[in-house]
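Some notes on the structure that comes next.
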Amino acid sequence: MANNFKYFIGNWKMFGLPESKNILTLIDDFIKADTKFNSKYKVYITPPFTLIESYSSFFKNKTIKIGAQNLYHKDNFGSNTGSVSAQMLRAVGSDLVLVGHSDNRAEGDTNEMLKQKIQSALNNDMQVTFCIGESKEEKVKGNTFPFLKSQLTSVLNSEFNKIEDSLIVAYEPIWSIGTGMIPSSEELTKTIKYIKEVLNEIFGKTSNIKVLYGGSVDSSNINDLKIISEIDGFLIGGASRKEKNFIDIINKYFR
Ligand code: PGA
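Each residue of the sequence shown is one higher than the one before, counting from 104 in the working numbering.
Here is the structure:
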């Protein structure tokens with residue numbers, strides 16, 4: 104039977120130094136003590152590449168899992184200066200990788216590259232969180248649904264979900280990232296349902312692919328977001344870099 108975990112994924116972006124590990128230690132202590140609810144959720148943090156190895160070895164037998172924010176689209180090794188492949192990430196303990204974040208799409212990630220990124224992450228036993236989301240312009244044009252559908256169908260194929268939760272989708276409207284603005288509950292409910300319909304078309308109804316929401320999630324709006332039962336978790340940027348904010352989100356979600 105499909106699991107019902109909620110995902111809380113903290114995306115640190117280009118922030119974090121070795122000593123920032125203290126933030127994770129405090130979050131990990133909270134999760135361990137949260138015995139009433141901690142079997143209902145999973146927490147991942149995606150620090151910058153520079154911290155993955157030390158953090159993943161430190162948190163190896165703990166509750167927090169460590170992932171990466173991106174990867175190069177070619178497998179294994181190659182003469183690609185400045186790039187990091189799926190094999191390299193897996194070797195240093197990355198369990199998950201974000202693919203298709205709007206920051207990386209803006210820097211040139213194409214659908215073809217995103218396909219290759221997902222495939223090589225899966226080949227190397229990492230879970231993938233595939234990010235999609237419309238810009239303000241698409242939204243204003245009333246183009247959100249066709250835009251999201253095209254982002255999903257031009258990259259995903261039914262081979263990508265052979266193991267449960269090996270693929271997770273994160274809906275992050277670009278206009279809500281880092282702006283403090285989130286979609287209305289009504290809008291968000293409709294959009295998440297729509298994304299799940301498209302995923303059912305691609306993967307079949309029983310695939311039960313999880314869909315997260317991301318974009319300005321914090322402890323002040325989590326009470327509005329948690330009533331939307333279609334949302335399977337959250338991709339959290341700014342609020343994941345302070346332990347109190349991140350813990351408050353989880354705490355309020357379950358209480
Ligand atoms: P935010 O970032 O929570 O700071 O809006 C989310 C993201 O970019 O993943």
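Here a beta-carbon is modelled for each residue, glycine too, at the ideal position from N, C-alpha and C.
The structure displayed is predicted, hence computed values, not measured ones.
Within the same chain, P151 come within 7 Å of M117 by CB-CB distance, once the 5 residues on both sides are set aside. Distance from the CA atom of L315 to the CA atom of I271, rounded to whole angstroms, is 8 Å. G170 has its alpha-carbon roughly 19 Å from the corresponding atom of V320. Of the residues assessed, P286 falls on the buried side of the cut-off, its CB having 16 or more other CB atoms within 10 angstroms. For the pair K168 and K145, the CB atoms are nearer than the 9 Å cut-off. Judged by pairs of C-beta atoms under 8 Å, the stretch 293–303 touches the stretch 234–253, as three or more such pairs exist. With distances taken between CA atoms, E210 lies nearest to N173 out of M229, L225, N173. In this structure, DSSP gives V301 a helical state, which the three-state scheme calls helix.
Judged by DSSP in its simplified three-state form, L291 adopts helix. Under the criterion of beta carbons closer than 8 Å, I112 and I350 do not qualify as touching, at roughly 15 Å. Shortest Cα-Cα distance from S159 to any of F133, K139, P121, N141 involves P121.
For K355, the enclosing alpha helix (DSSP H) covers residues 346–357. For H204, the shortest C-beta to heavy atom distance toward ligand 1 is below 8 Å. In the structure shown, the three-state DSSP call for L225 is helix.
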